[in-house]
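There are 2 protein chains.
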Amino acid sequence: MALDPSSPIEVHGRKYALPKCPTVVVCVDGFDPEYLDQGISDGILPNMGRFVQTESFAVTAKCAMPSFTNPNNLSIITGAPTAAHGIAGNFFLDKETKQEFMCLDDSLLRGTTILKELSERGVRVAAVTAKDKLRKIIGHGLKAANGAICFSSEKASACSVAEHGVGDVEAWIGRPTPSQYSGDLSLFVLDAGVKILEEQRADFLYLTLSDFVQHHHAPGSREANDFYDALDVRIGRLADLGALVAITGDHGMSDKADVHGQPNILFLQDRLEEKWGKGSARIICPITDPFVKHHGALGSFVRVHLEDSTQANDVLRFCQGLAEVEIALLGHVAAETFEMPLDREADLVVIAKKNAVIGSTAAEHDLSSISGHRLRSHGGLSEQAIPLILSGPVKNKDLPTDGWRNFDAFHLVLNEAA
Amino acid sequence: MALDPSSPIEVHGRKYALPKCPTVVVCVDGFDPEYLDQGISDGILPNMGRFVQTESFAVTAKCAMPSFTNPNNLSIITGAPTAAHGIAGNFFLDKETKQEFMCLDDSLLRGTTILKELSERGVRVAAVTAKDKLRKIIGHGLKAANGAICFSSEKASACSVAEHGVGDVEAWIGRPTPSQYSGDLSLFVLDAGVKILEEQRADFLYLTLSDFVQHHHAPGSREANDFYDALDVRIGRLADLGALVAITGDHGMSDKADVHGQPNILFLQDRLEEKWGKGSARIICPITDPFVKHHGALGSFVRVHLEDSTQANDVLRFCQGLAEVEIALLGHVAAETFEMPLDREADLVVIAKKNAVIGSTAAEHDLSSISGHRLRSHGGLSEQAIPLILSGPVKNKDLPTDGWRNFDAFHLVLNEAA
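Protein sequences, first through last, are from chains R and C.
So for the first sequence, the working numbering puts the first residue at 41; every next one is plus one.
So for the second sequence, the working numbering puts the first residue at 41; every next one is plus one.
In structure tokens form, the structure reads like this:
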């Protein structure tokens, strides 16, 4: 039986219709709804503001847990929580061997992605990321030989047609690769998306940014407003070029400092080792890579590996009593509750309150680089809220506006959009 | 082997030394740490402020979940989470029969209490509550014939020596029974405590108040400051009479209204019945009694009973996606995680975000009586923080200051106080 080439594709039990027009999904990293509200209020988001305030479909959704970047990008492109695709953090420890597994490319990814299935069905897919490591993961199954485009703005200067589907990117976009540590790294991604549409080089685009600005600047600050202003101009351009655009994000962002500007940090490994002895516990900060030793490793979700797993209940009760902790769960309970991969889980999961972060030991986190600015981070339940905005209306006027997840973005734009 | 009459008593696996001097534990209902911080800052808490700022032991602890009044009073007087004593809300539904069981007296209480064990060991115990229903529960095992005193300020006019250990309470205290709906109901409890100490009528006192003021007035408001000022005077008097005093609370209190003053309410039964049909779900609001039909039934923790328990996972995923929900858990997971009695648990537990409450149906909650004032309530993780203050130092200078629970109050005052 020949497959109807226009029939829906299926990924993790969900069906997706093929795009009927140029379609773009933008993942704005760190897109806390406060940036959207503030931006609309400050009048700097004419395009997204228009989508939110008219007949276009716009809701506040929730991201997957943990509210981190890689897990959520993978959830968005697979339409499923992390248990389906296997990526629930930047790295994990094998429970038995305690060996570290870093998520540096697609080798730890489980199953397929919507981008891959669309591409193999003949849809011209373009996936552009800010950081190259994410590009290696979400580029899974996207072959330049099939006409797919997949590159990062971080490595724009090293792109080739043979590998990335596009070469000489800097000349093509008209400016050099921006610094990794800039808002421009993200604007470059959107500029690439605009170019791709102008030149009609793809039918379906996934553009995913970086949260450099949101980590450093609060909603309403000049730097945040400049960034969102520039972002909104480009989103407007994508829509003006005739694309159907869905905008969402991977996670929100919260202020994690006290009234004096000092970061509220729980050094959990220090606390646990004080009580149970050196080597009794190892805290994993899956917001970033294991070798990152500064404030960048401080997020609101950590995993706890115990030397002696039989201590899990006692350690759990202790963690639950700590002021900075919102909730602590046994690993298998967290995996079931948040739909995370059980075999990559730890003994415990500990989630911080909205104004706090959790680190391993004070000695392991060099905080000199955050002196002078308020720490902003994510990972907890408090950073789950995320906008989900469509540039036009949906077919079903009675479509519920509650219960949406950011990983429903492809479903929204491919199945529900009018 | 004769029991050494001075040996420690034991309750739920923890030992407690007998009091060495007149000892008072005060449970200030709704004692959010913000009231303490604001009160010290506003200079209206000279006594508690002195305890917090000198060599006395003072920490921020966490209450038991759910952060409600009866569960926490029972936890405080048993030194254990709700799974031990069985009281995890004002009422519960039997999972099979769906019959309602209201916690109106000690018939649903499991096991003993520290007050009962102290009293049977010959310690003269006095337990004074604001509300009479709580008096019936915590009065478990306290017999006037054994010299125990146990009464409520609500029913002060109906006390007798034979039943309550003291009679003519209004004349004794010097004023009539205050209104249930007043701060004075709580001050009357403390005045009774002062009288009991002045007349040397008890060795160990448990004084537990009501949160009428905290439900209606934010920290720093004139009404809150007047109340805490009056509370602090009485606490100072208890200490001046030579008592060792521990002050804690049952739960905190949060503002649950939006920028316009409108309460943020999730009517969860309406939402679930929209999706799964009328009668598919029953939301229990265990913050109060089942017949309460106004804003008083709105708290940040509800239980969900499903007509069809096989739908639990689908309903769970839907609840997790709702904006007002901080976390939703399967009932048995919540029972394990929060140490609540499994056999009195529901299909699901749903906990609201700090600024929201959950109700059953819009039709069931008459909100006319809260128009004009901002809703304040509790029940969630966001109301777990609670002060735990001792009027003097502890024996062990290295006693950890983290990980304390409000239900460690009796341990603190009987075992750790210097």
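Think of the CB as a built atom: it goes at the ideal place given N, C-alpha and C, for glycine as much as any other residue.
Query - Nearest-angstrom Cβ-Cβ length linking Gly223 of chain R and Leu278 of chain R, presumed shorter than 8 Å - result: The Cβ separation is near 18 Å, so there is no contact.
**Report entry** beta-carbon Thr109 of chain C near the ligand HEM non-hydrogen atom, thresh 6 Å
**Finding:** Absence of the ligand HEM is noted for the structure shown, with no ligands found whatsoever.
Query - Rounded distance between the beta-carbons of Lys296 of chain C and Ser115 of chain C, thought under 8 Å - result: Rounded, the Cβ-Cβ distance is 24 Å, inconsistent with contact.
Query - Cβ shell of Gly371 of chain C (< 7 Å), same chain only, five flanking positions each side left out - result: Glu385, Ala386, Asp387, Leu388 and Val389
Requested in this report: Assign Arg274 of chain R to one of two classes, buried (16 or more other C-beta atoms within 10 Å of its C-beta) or exposed (fewer than that).
Outcome: buried
Report task. Please look up how many angstroms separate the CB atoms of His291 of chain R and Ser422 of chain R, rounded, as I've assumed it's under 8 Å. Result -> That pair is no contact at about 10 Å.
Query raised in the report: DSSP state of His291 of chain R, grouped into three classes?
Result: coil
Query - Three-state secondary structure (DSSP) of Gly151 of chain R - result: coil
**Report entry** Spatially closest choice to His255 of chain R from R:Arg161, R:Gln139, R:Glu194 and R:Thr109, by CA coordinates
**Finding:** R:Thr109
Query - Buried/exposed call for His300 of chain R, threshold 16 Cβ in 10 Å - result: exposed
Query raised in the report: Do you know whose CA, among C:Met293, C:Tyr75 and C:Leu415, lies nearest Asp467 of chain C's CA?
Result: With chain C running from 41 to 458 in the structure shown, residue 467 of chain C is simply not present.
Requested in this report: Could you give the DSSP three-state label for Val234 of chain C: helix, strand or coil?
Outcome: Residue state, collapsed to three classes: helix.
Query raised in the report: Helix, strand or coil: how does DSSP classify Leu133 of chain R here?
Result: strand
Query raised in the report: Between the C-alpha atoms of Glu404 of chain R and Leu356 of chain R, what's the straight-line distance to the nearest angstrom?
Result: About 23 Å.
**Report entry** Among C:Val201, C:Thr248 and C:His257, the one whose alpha carbon lies nearest that of Pro185 of chain C
**Finding:** The amino acid at residue 185 of chain C is misidentified as Pro; the sequence shows Ala. Minimum Cα distance to Ala185 of chain C is reached at C:Val201.
Query raised in the report: According to the neighbour-count rule (16 or more other Cβ atoms, all chains shown, within 10 Å of its Cβ), is Glu194 of chain R buried or exposed?
Result: buried
Report task. Compute the Euclidean distance between the alpha carbons of Gly399 of chain R and Ile189 of chain R, then round it to the nearest angstrom. Result -> 38 Å
Query raised in the report: From C:Ser96, C:Val66 and C:Pro48, pick the residue whose C-alpha is nearest to that of Asn436 of chain C; which is it?
Result: C:Ser96
Query raised in the report: Taking 7 Å as the CB-CB cut-off, is Val92 of chain R touching chain C?
Result: no
**Report entry** Same chain, Cβ closer than 8 Å to Ala104 of chain C, five either side skipped, listed in chain order
**Finding:** Pro111, Asn112, Ser115, Pro121, Thr122, Phe378, Glu379, Arg445, Asn446 and Phe447
**Report entry** 8 Å CB neighbourhood of Phe331 of chain C in its chain, flanking five on each side removed
**Finding:** none
Report task. Since I believe Arg161 of chain C is in contact with Pro62 of chain C (beta carbons under 8 Å), could you give me their beta-carbon distance rounded to a whole number of angstroms? Result -> That pair is no contact at about 16 Å.
Requested in this report: Can you tell me which of the three DSSP states Gly276 of chain R falls into?
Outcome: helix
Query raised in the report: So Glu203 of chain R is in the alpha helix (DSSP H); what residue range does that whole segment cover?
Result: Val201 to His204
Query raised in the report: Looking at the structure shown, is Ile116 of chain R part of a helix, part of a strand, or coil, going by DSSP?
Result: helix
Query raised in the report: Looking at Phe91 of chain R and Ile426 of chain R, is the spacing between their C-beta atoms short of 7 Å?
Result: No; because the gap between Cβ atoms is not below 7 Å, this pair is not in contact.
Report task. With a threshold of 16 other CB atoms inside 10 Å of the CB of Asp146 of chain R, please say whether the residue is buried or exposed. Result -> buried
Report task. Using three-state DSSP, classify Lys195 of chain C as helix, strand or coil. Result -> coil
Query - CB contact below 7 Å: Ala459 of chain C versus chain R - result: Here chain C comprises residues numbered 41 to 458, so residue 459 of chain C is not present and cannot be evaluated.
**Report entry** Spatially closest choice to Gly177 of chain R from R:Gly126, R:Gly205 and R:Pro216, by CA coordinates
**Finding:** It should be pointed out that residue 177 of chain R corresponds to Ile in this sequence rather than to Gly. The shortest Cα separation from Ile177 of chain R among R:Gly126, R:Gly205 and R:Pro216 belongs to R:Gly126.
Query - Within chain C, partners of Lys318 of chain R - CB distance below 9 Å - result: Those within 9 Å of Lys318 of chain R in chain C number zero; the least Cβ separation is about 17 Å.
Query raised in the report: Can you tell me whether DSSP reads Asp406 of chain C as helix, strand or coil?
Result: Of the three classes helix, strand and coil, the one that applies to Asp406 of chain C here is strand, per DSSP.
Requested in this report: Tell me whether the beta-carbon of Ala166 of chain C lies closer than 7 Å to the beta-carbon of Ile236 of chain C.
Outcome: Yes. Within cutoff.
Query - Ala402 of chain C versus Tyr268 of chain R: straight-line alpha-carbon distance, rounded - result: 38 Å
**Report entry** Residue closest to Phe252 of chain C, alpha-carbon to alpha-carbon, out of C:Lys55, C:Val168, C:Leu58 and C:Gly70
**Finding:** C:Gly70
Query raised in the report: Cβ of Glu373 of chain C less than 7 Å from any chain R Cβ?
Result: The identity of residue 373 of chain C in the sequence shown is Val, whereas the question assumes Glu. Judged by the 7 Å Cβ criterion, Val373 of chain C is in contact with chain R.
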